[in-house]
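Numbering (numbering that gives the first Met the number 0), first residue to last: 0 to 271.
From the three backbone atoms N, C-alpha and C, an ideal C-beta is built for every residue, glycine too.
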Amino acid sequence: MLKTRVITAIVLVAALLPSLFFLSQRHWALLMAGVAGLAAWEWGGLLRWTSWRRMAFGAGVALLAAGVTIANPGLVDGTVPAAALPTYLLAALFWLVVVPLWLRRKWSAVMGGPLVGLLVILPAWLAIVQLRSLGPAVLLAILAAVWLADVAAYFSGKAFGRHKLAPGISPGKTWEGAVGAGVAVLVYGLALRPLAKGVEPSLVLWAAALVLLTAVSILGDLLESLLKRQAGLKDSSAILPGHGGVLDRIDSLTSTLPMVALLWILVGGEAK
0 MLKTRVITAI
10 VLVAALLPSL
20 FFLSQRHWAL
30 LMAGVAGLAA
40 WEWGGLLRWT
50 SWRRMAFGAG
60 VALLAAGVTI
70 ANPGLVDGTV
80 PAAALPTYLL
90 AALFWLVVVP
100 LWLRRKWSAV
110 MGGPLVGLLV
120 ILPAWLAIVQ
130 LRSLGPAVLL
140 AILAAVWLAD
150 VAAYFSGKAF
160 GRHKLAPGIS
170 PGKTWEGAVG
180 AGVAVLVYGL
190 ALRPLAKGVE
200 PSLVLWAAAL
210 VLLTAVSILG
220 DLLESLLKRQ
230 AGLKDSSAIL
240 PGHGGVLDRI
250 DSLTSTLPMV
260 ALLWILVGGE
270 AK
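See the structure below:
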């Protein structure tokens with residue numbers, strides 16, 4: 000299993016990095032549209048849909064994202080980021096208000112169906128496309144912050160975990176792990192703050208944003224864990240050997256990236 004995980008991770012990195020740094024903005028958007036389609040196909044699995052419904056939903060999401068890319072190039076290349084503001088505000092409302100209630104009351108994904116799937120996947124697709132307009136290295140740094148939160152939560156939870164964060168949803172997650180994730184992201188984000196050209200929030204606001212984004216990343220992870228548990232699934236799919244599915248790898252990103260993009264727009268961010 001470990002060997003399979005490592006091989007898959009190497010292949011993913013080998014595909015991601017050249018695409019991130021060398022594709023045009025439009026081709027990056029189309030590539031991410033394909034990833035969004037795969038995530039939508041897996042979302043149908045969480046809803047226990049039939050194969051044809053899953054394929055139709057996945058294809059529909061991919062085509063919708065591709066259509067936006069072709070029809071509105073100014074949106075995906077970051078030259079008119081404010082056009083995405085309503086999308087990100089809706090996503091923020093979902094993750095900050097609806098999802099905590101969802102987790103507390105353990106609502107079923109069937110209740111929201113495809114609309115919730117669209118709200119989870121499409122804002123994340125748009126954010127990962129628009130944020131790349133800041134530069135591939137900037138997007139990579141943002142992705143690394145989310146990955147760091149996951150890794151720090153795992154190791155700090157293993158070392159110090161005593162108090163369960165959400166035992167009925169994901170028994171392995173602890174409050175100590177969440178604190179460890181927050182500390183790691185704070186240190187990482189504060190170290191990168193001097194490099195944030197064109198963005199000059201106060202130290203307090205910068206730290207608060209880092210803590211907020213860490214918390215939101217955990218919400219994304221917990222929501223997918225709940226939906227998998229309700230569907231009786233260990234992974235969202237088996238498309239990535241040793242890692243599960245696309246949603247298993249991007250669950251924290253689906254919640255975090257729209258929030259980062261929203262903050263970027265609110266502070267007057269501009270494309271590179």
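Practice problem: Assign S132 to one of two classes, buried (16 or more other C-beta atoms within 10 Å of its C-beta) or exposed (fewer than that). | Solution: By 1-based counting over the sequence shown, the position of residue 132 is 133. S132 should be labelled buried.
Quiz prompt | Residue burial classification, P80 (beta-carbon count within 10 angstroms, cutoff 16) | solution = For the purposes of this step, residue 80 is taken as the residue at position 81 of the sequence shown. Answer is buried; the Cβ neighbour count reaches 16.
Self-check item: Status (buried if at least 16 other CB within 10 Å, exposed otherwise) for W263
Solution: Translated into positions along the sequence shown, residue 263 becomes position 264. Residue environment: W263 is assigned as buried (16 or more neighbouring CB atoms within 10 Å of its CB, all protein chains considered).
Quiz item: Among A183, W146, R53, which one has its Cα closest to the Cα of T255?
Solution: The count along the sequence shown starts at 1 and reaches residue 255 at position 256. Per the Cα distances, W146.
Self-check item: Three-state class that DSSP yields for K157 in the structure shown
Solution: Numbered from 1 along the sequence shown, position 158 holds the residue referred to as residue 157. It is helical.
Quiz item: Closest to R161 by CA distance: which of L142, V119, E175, G167 is it?
Solution: For this step, residue 161 is matched to residue 162 along the sequence shown. Here the closest residue by C-alpha is E175.
Quiz item: With distances taken from CA atoms, which of A55, M54, W94, I9 is nearest D250?
Solution: As a first step, residue 250 must be located in the sequence shown, where it is residue number 251. Among A55, M54, W94, I9, the Cα nearest to that of D250 is on W94.
Quiz item: What residues in its chain sit with their C-beta under 6 Å from that of A28, if we drop five residues either side in the sequence?
Solution: Within the sequence shown, residue 28 is the residue found at index 29, counting from 1. Its chain contains T68, V75, V128 as the residues whose beta carbon lies nearer than 6 Å to that of A28, once the 5 sequence neighbours on both sides are disregarded; these appear in chain order.
Quiz item: What separation, rounded to the nearest whole angstrom, lies between the Cα atoms of G188 and S50?
Solution: Stepping through the sequence shown from its first residue, residue 188 is reached at position 189. Stepping through the sequence shown from its first residue, residue 50 is reached at position 51. G188 and S50 have their C-alpha atoms some 42 Å from each other.
Quiz item: Who does L239 pair with in a DSSP beta bridge?
Solution: To locate residue 239, count along the sequence shown from 1; it is residue 240. L239 is bridged to G243.
Practice problem: Give the straight-line distance between the Cα atoms of A58 and L202, rounded to the nearest whole angstrom. | Solution: On the sequence shown, residue 58 is found 59 positions in, with the first residue counted as 1. On the sequence shown, residue 202 is found 203 positions in, with the first residue counted as 1. Distance between the alpha carbons of A58 and L202: 44 Å.
Practice problem: Please name the residue in A183, Q24, I168 whose C-alpha comes closest to that of P135. | Solution: Position 136 of the sequence shown, counted from the first residue, corresponds to residue 135. Among A183, Q24, I168, the Cα nearest to that of P135 is on Q24.
Exercise. Give the range of the alpha helix (DSSP H) segment to which G33 is assigned.
Key: Looking up residue 33 in the sequence shown gives position 34. Note, G33: alpha helix (DSSP H), 24 to 45.
Quiz item: In chain order, what residues of the same chain have a beta carbon less than 8 Å from the beta carbon of W101, not counting five sequence neighbours either side?
Solution: Looking up residue 101 in the sequence shown gives position 102. Excluding positions up to five away in sequence, the list reads L222, L225.
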